[in-house]
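What follows is a set of notes on a single structure, which appears directly below.
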Amino acid sequence: MWNRVKFLPNDALRLMLQVPFRPEKLKINGKKVPFMRFETPVRIDDLFAFTRAQNLFPKVYWEHPHDGVRACFGEAVSFDALPVFDEEVGPRFYGGQDFMIRKEHTWDGFPKERFFLPLIEIEMRGKIAVLCVNRCKKKIKAELQEEKQGCIGKAIRSEFAPTLFQWEDGVNRVLQGIKLGDFSKVVLARRLTLSQESPVCPYALLSAMKSKTRFAFQFSPEKTFIGMSPETLFRREGNTVESAAIAGTRPRGKTAKEDRHLEDELLNCPKEKREFEVVQEMIKDALSPLCNQIDVDRKTVLKTMSVQHLAAFFSGKLREDVGDGALMEALHPTPALGGMPRAQALAEIQKREPFDRGWYGAPVGWTSSQAAHFLVGIRSALIDKAHVHLFSGTGIVEGSSPEREWEELESKIKHYQEAL
Numbered sequence: 133m134w135n136r137v138k139f140l141p142n143d144a145l146r147l148m149l150q151v152p153f154r155p156e157k158l159k160i161n162g163k164k165v166p167f168m169r170f171e172t173p174v175r176i177d178d179l180f181a182f183t184r185a186q187n188l189f190p191k192v193y194w195e196h197p198h199d200g201v202r203a204c205f206g207e208a209v210s211f212d213a214l215p216v217f218d219e220e221v222g223p224r225f226y227g228g229q230d231f232m233i234r235k236e237h238t239w240d241g242f243p244k245e246r247f248f249l250p251l252i253e254i255e256m257r258g259k260i261a262v263l264c265v266n267r268c269k270k271k272i273k274a275e276l277q278e279e280k281q282g283c284i285g286k287a288i289r290s291e292f293a294p295t296l297f298q299w300e301d302g303v304n305r306v307l308q309g310i311k312l313g314d315f316s317k318v319v320l321a322r323r324l325t326l327s328q329e330s331p332v333c334p335y336a337l338l339s340a341m342k343s344k345t346r347f348a349f350q351f352s353p354e355k356t357f358i359g360m361s362p363e364t365l366f367r368r369e370g371n372t373v374e375s376a377a378i379a380g381t382r383p384r385g386k387t388a389k390e391d392r393h394l395e396d397e398l399l400n401c402p403k404e405k406r407e408f409e410v411v412q413e414m415i416k417d418a419l420s421p422l423c424n425q426i427d428v429d430r431k432t433v434l435k436t437m438s439v440q441h442l443a444a445f446f447s448g449k450l451r452e453d454v455g456d457g458a459l460m461e462a463l464h465p466t467p468a469l470g471g472m473p474r475a476q477a478l479a480e481i482q483k484r485e486p487f488d489r490g491w492y493g494a495p496v497g498w499t500s501s502q503a504a505h506f507l508v509g510i511r512s513a514l515i516d517k518a519h520v521h522l523f524s525g526t527g528i529v530e531g532s533s534p535e536r537e538w539e540e541l542e543s544k545i546k547h548y549q550e551a552l
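Start counting the sequence shown at 133; every next residue gets the next number (this note's numbering).
This is how it looks when you write it as structure tokens:
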């Protein structure tokens, strides 16, 4: 029946908002929240164009092989911290948080931490778009717009933070700290700002990124955080949790032969092996107190469109009363984004990086009573009108060289640069 009956989204929304409000009660953070949900199939040809056209904020686009595809508009209820659920079944709350304390203005207008229940969700079930409305109050005014295509434009100016000279100095100072035993690894990041000839549509850019994993978080018309992260911080189904250790990088080859050569180089490089083992050990140590048992897959190579990494995947059974907050506190930031020891590495990052990471490298995703999925916010960009801030990072360990690490930063943003 759903294949035959498809309303225009705004017509369906108008009908749903006319239904009498007879809510059930959800208990979140110890308080009862009235909640009522409706679903109906609708006709949408291009979800990116549809998402671009909407003026209900916040907006989220979420695509992952484990989760399917969803676009969200407006908020029914929101919290400034990760919500705690008392019900066994409930809707998804989307959100994220800063990597660390801010010191400049790039992320102004973007929340430091926010989790919200969308007012409206479009969920793709196969080829069928389903409009879902989450009502938490009696009277709601909302309207959906028709699809509208966006453009990317061309870059006319670029600016690095840090510059290459500053980068070389920063890496060498970190290497001195490693030699003195202050820390064993520090992940330094870089921001490349591309100024375009006209405002960039974040959803047109995200559409151009042909990845199985894509996300966008937009809290105002001005700024949107987008990404294609290959790295899961944690994924929870009931009391089963999964996480991943990902570290070490090589570019993808232009031919199958070159790709295999680079893979072999990655697997056999002592420096990359050390970096990976630090991450793997930390994740195991972080999960052990929270789980009754932990299983670890063999080391493998994870390939994305532009780079390849060493990877190992963890799964475990959570102890009673261990929630998403405990998982996030234990796992974020992993040594793949911070370093080791954690406190000393983060202090060094704060000292060396001349910009704010904001949501780059931080947990982004969704949570509910029965499941949750948070990615590490990498392979990402902050779009601010005609300015695109591209973020990339690399682990500095014994044996690192500033020039080689700069090249790795370039490889991680290659597909953004090609699209822009």
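Virtual Cβ for every residue (Gly too), placed ideally from N, Cα, C.
Alpha-carbon to alpha-carbon, residue j and residue i
i: Gln-281; j: Ala-336; result: 7 angstroms
i: Thr-172; j: Ser-543; result: 43 angstroms
i: Leu-450; j: Gln-328; result: 47 angstroms
i: Trp-134; j: Glu-535; result: For Trp-134, the predicted structure reports a pLDDT of 46, less than 50, and the residue's modelled location is therefore unreliable. A value from the coordinates is still provided. Cα-Cα distance, rounded: 56 angstroms.
i: Lys-546; j: Gly-162; result: 46 angstroms
i: Pro-467; j: Glu-404; result: 13 angstroms
i: Val-209; j: Met-472; result: 37 angstroms
i: Phe-225; j: Lys-138; result: 27 angstroms
i: Leu-158; j: Pro-166; result: 6 angstroms
i: Arg-257; j: Gln-482; result: 43 angstroms
i: Ala-274; j: Thr-325; result: 35 angstroms
i: Trp-299; j: Gln-308; result: 14 angstroms
i: Asn-266; j: Lys-317; result: 45 angstroms
i: Ala-443; j: Arg-346; result: 20 angstroms
Unbroken alpha helix (DSSP H) run spanning residue i, endpoints
i: Ile-481; result: 474-484
i: Phe-408; result: 402-419
i: Val-302; result: Note on residue identity: the sequence assigns Gly, not Val, to residue 302. Note, Gly-302: alpha helix (DSSP H), 296-312.
i: Glu-537; result: 534-544
i: Thr-183; result: 179-185
CA nearest to the CA of residue i, picked from the options
i: Lys-270; options: His-237, Arg-323, Lys-235, Leu-149; result: Leu-149
i: His-464; options: Trp-491, Pro-155, Glu-530; result: Trp-491
i: Lys-164; options: Asp-218, Glu-195, Glu-291, Ser-210; result: Asp-218
i: Lys-344; options: Ser-330, Pro-334, Gly-359; result: Gly-359
i: Met-232; options: Lys-244, Leu-459, Arg-202; result: Lys-244
i: Thr-238; options: Glu-539, Leu-514, Phe-506, Thr-526; result: Leu-514
i: Gln-277; options: Val-216, Ala-181, Leu-214; result: Ala-181
i: Arg-184; options: Val-201, Leu-307, Phe-205; result: Phe-205
Three-way DSSP call (helix, strand, coil) for residue i in this model
i: Asp-427; result: strand
i: His-505; result: strand
i: Thr-466; result: coil
i: Asn-266; result: strand
i: Ala-518; result: coil
i: Tyr-548; result: helix
i: Arg-368; result: strand
i: Ser-210; result: strand
i: Glu-329; result: coil
i: Met-133; result: Note that Met-133 has pLDDT 43, beneath the 50 cutoff, so the model's placement of it is unreliable and no number is given.
i: His-237; result: coil
i: Ala-388; result: helix
i: Arg-382; result: strand
Cβ pair residue i, residue j closer than 7 angstroms
i: Phe-487; j: Ala-287; result: no
i: Val-192; j: Phe-349; result: yes
i: Arg-382; j: Gln-440; result: yes
i: Gly-457; j: Val-373; result: no
i: Asp-429; j: Phe-445; result: yes
i: Arg-392; j: Ser-438; result: no
i: Arg-246; j: Gly-222; result: no
i: Arg-322; j: Ser-500; result: no
i: Pro-334; j: Thr-364; result: no
i: Gly-470; j: Ala-462; result: no
i: Asp-199; j: His-505; result: yes
Extent of the continuous beta strand (DSSP E) to which residue i belongs
i: Asn-161; result: Asn-161 -> no beta strand (DSSP E), and no H or E assigned at all.
i: Tyr-226; result: 225-229
i: Met-341; result: Looking at the DSSP string, Met-341 is not in any beta strand (DSSP E), and its letter there is neither H nor E.
i: Ala-443; result: 439-450
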